[in-house]
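Protein sequences, first through last, are from chains R and Y.
The first sequence lines up with residues 1 to 260 when you count with our numbering.
The second sequence lines up with residues 1001 to 1310 when you count with our numbering.
No residue lacks a Cβ here, since even glycine has one placed at the ideal position from N, Cα and C.
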Amino acid sequence: MSALSSVYGIVARDLVRTTRQTSRLLGGLARPFMWLLLVGTGYNAIARLEGALSYQAFIYPGIIVMAALFGGMLTAIATVYDREFGMLRLMLASPAGTAAVLAGRALAATLVGAAQGAVVLLFAPLVLPISSREFVAALGALVLAAAMSGMLGLMVAARLRSVENFAGVINVVLFPLLFVSGALYPTTGMPPALRALARGNPVTYAVDLMRHAVGQRGEFGVVVDVAALLAATLIAFGVAAVLFDPEQRFVRARRPRVSP
Amino acid sequence: MNGPPAAIECAGLGRDYGEVRALDAFDLTVARGALVGLLGPNGAGKTTAMLLAGTLLAPSRGWAQIFGHDVVRERRAVRRRLGLIFQETSVDPLLTVEENLLFAARLAGLGGRLARAAVADAVERAGLRDRARQPGRALSGGWRRLVDIARATLHYPDLLILDEPTVGLDPEHRERVWALLNGQRRELGTTVLFSTHYLTEAEPADRVVLLSRGRVVADDFPDALRSALGDEIAEIEGPGAERLARAIRGLGGAKTVLRIGGGFRVGLTGPREPVIELAGSAPGIDRLTLRPPSLEDVYFAKTQDGAGYP
């Protein structure tokens, strides 16, 4: 009960904070549509894709994932603000401890990422034909993509010491994850080295799963996509848990004499 | 038969940061309900000691128990009984005061109506009713600190560990903070361990512990610490201060002699008249003041290199 209250408190706080950061919220919603309109429209004229698929329709699943990726990861990475302003220590000192803090942050990041992706998904019928069944499947894929993004964000936040590094993270982590994922161009056409990178990139599987969900042809099977996303989410959670609690590692490594 | 365990008990507690020994060996026993001041210069190990007792750091050596619970093995049980205040305020600028407190209540494991009742009570006790709907960013440093105290006490902890709770506050807010803490002690018998650089704040403490270079250099009642320096302190300034201090010592009237800045503080024992007479005839004395010993004198005597003379 105590741990549940803590998790609920952390999620509620993150959601309230998100709604009060209007510019960040609007920026997060505008980003995917700008890509869709500015990049998508431009490439529509020159991109030649198999079948009758327009370039905008091709990138739409990737753009939905992009919204979830940025929303989820940036919400999780905001933990660095909490570290800088003393809120993280407050959370880590609670009876529920590190696991509850991570679970709360991850859940909040998943909700924010999924909500931002869902807004983009709502406009999907304007670009690609989508049935209600496909819509529900896309929502499921979205939740998995957002959860994975939140966990990756927590992993990054665990090592980030200053808010000044925030913009750097977007350039060095977020954009490469997006570009080497098949969101904007098929991974099958990539050079072997880049393709190998794409296969190790969890966002690739999120985009692929979203393609399956909206009725497009994917590179991997649905089971492979789901398994890869779940594995990436669990691994990132494990790594974040270790990185967030260096004191516990210290204790495990060199346990001092305990009290009588 | 053994009584209930002490609020805090630690022995040989220490912590290293790489090669740096922040806390060497900290021994402390704090009785339930006591008010204990932890004093010492910057870098003495006060914050490290408090973070270790607060389960936020793992010890490199030694052990500590809070109400009988080990801070390493039983962190959750320890944290349930703890309220912590850090040097920096922990108030979310985007949340209102009430929302900040509700967040803290949920972190403490309180849910639903219980959390809301605890928040309402904390708002009342801390005098925050008029500011309850204000966002954290609109509060001054003093009010943010009061929110911190309200936050740390809203789950009625048995032990408060406060790291410089009044640092940077004006006298009015310092007064408010101490009134709130004293009320908590009076009504609930809360044990309080606090650190401060305002030594007058430690005067009403039941015990004062002085740390220097990671070790306890004094641990006693404030009265006992003060009286160990002498019956009175003679503050002497001027070019002839050292000569006069030596002369008083020669008379056998000096219990301690401290060199502070450009002057001397001499802890007197016995009647003061011979000292006054001696000072009257001594050359180069700009100022001589006689006053009762203070914790500041104790602080200098115990923590400052070369303070003792000769």
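For the C-beta of Gly97 of chain R, the chain Y residues within less than 8 Å are, from N- to C-terminus, Arg1075, Arg1076, Arg1079.
Annotation: Arg1207 of chain Y has no Cβ neighbours in chain R at a cutoff of 7 Å; minimum Cβ distance is about 21 Å. With a threshold of 9 Å between beta carbons, Ala3 of chain R makes contact with chain Y. Residue environment for Glu219 of chain R: buried (at least 16 other C-beta atoms within 10 angstroms of its C-beta). If you ignore the 5 residues before and after Asp1231 of chain Y, its C-beta comes within less than 7 Å of the C-beta of Leu1268, Thr1269, all in its own chain and listed in chain order.
In this structure, the straight-line span from the alpha carbon of Leu197 of chain R to that of Gln21 of chain R is close to 35 Å.
Around the beta carbon of Phe237 of chain R, a 10 Å sphere encloses 16 or more other beta carbons of the protein chains shown; the residue is thus reported as buried. Within chain R, the residues placing a beta-carbon under 7 Å from that of Glu1088 of chain Y are Gly86, ordered along the chain. Here Ile77 of chain R carries a helix assignment [DSSP, helix/strand/coil]. Counting every other CB atom within 10 Å of its CB across the protein chains shown gives Arg1207 of chain Y a total of 16 or more, marking it as buried.
Between Asp1163 of chain Y and Ser1090 of chain Y, the gap from beta carbon to beta carbon reaches 9 Å or more. Within chain Y, the residues whose beta carbon sits less than 9 Å from that of Leu92 of chain R are Leu1056, listed in sequence order. Counting the other CB atoms within 10 Å of its CB gives Phe175 of chain R a total below 16, which places it among the exposed residues. Close to chain Y, meaning a Cβ-Cβ distance shorter than 9 Å, are the following residues of the region 7-20 of chain R: Val7, Tyr8, Gly9, Ile10, Ala12, Arg13, Val16, Arg17, Arg20. Under the criterion of beta carbons closer than 8 Å, Arg1272 of chain Y and Leu1290 of chain Y qualify as touching, at roughly 6 Å. Of the other Cβ atoms in all chains shown, fewer than 16 fall within 10 Å of the Cβ of Ala1224 of chain Y; this residue is therefore exposed. Contact between the region 224-240 of chain R and the region 202-210 of chain R is established, with three or more Cβ pairs separated by less than 8 Å.
Assigned with DSSP and collapsed to three states, His1069 of chain Y falls in strand. Burial is judged here by how many other beta carbons sit within 10 angstroms of a residue's own beta carbon; Glu1277 of chain Y has fewer than 16 and is exposed.
Note on geometry: alpha-carbon atoms of Pro1292 of chain Y and Glu1235 of chain Y lie some 11 Å from one another. At a cut-off of 9 Å, the C-beta of Arg24 of chain R has no neighbouring C-beta in chain Y. Nearest C-alpha to Leu243 of chain R among R:Leu102, R:Ala57, R:Met66: R:Leu102. One thing to note: Ala183 of chain R has its Cβ within 9 Å of the Cβ of Met66 of chain R. DSSP places Gly1083 of chain Y within a strand segment (E or B) once states are collapsed to three. By the beta-carbon neighbour count (other beta carbons within 10 angstroms, threshold 16), Thr19 of chain R is exposed.
From the beta-carbon of Arg89 of chain R, the residues of chain Y found nearer than 8 Å are Leu1056, Phe1086, Ser1090. In this structure, R:Leu142 is the residue among R:Val180, R:Ser5, R:Leu142, R:Ala100 with its C-alpha nearest to the C-alpha of Leu111 of chain R. Setting aside the 5 residues that flank it on each side, Tyr8 of chain R is surrounded in the same chain by Gly104, each with a C-beta closer than 8 Å to its C-beta; the list follows chain order.
Membership of Gly1183 of chain Y in the alpha helix (DSSP H) is indicated by the continuous run 1171-1188. Contact between the region 1117-1132 of chain Y and the region 1074-1087 of chain Y is absent: fewer than 3 CB-CB pairs across the two stretches fall below 8 Å. Leu15 of chain R has its alpha-carbon roughly 22 Å from the corresponding atom of Ser162 of chain R.
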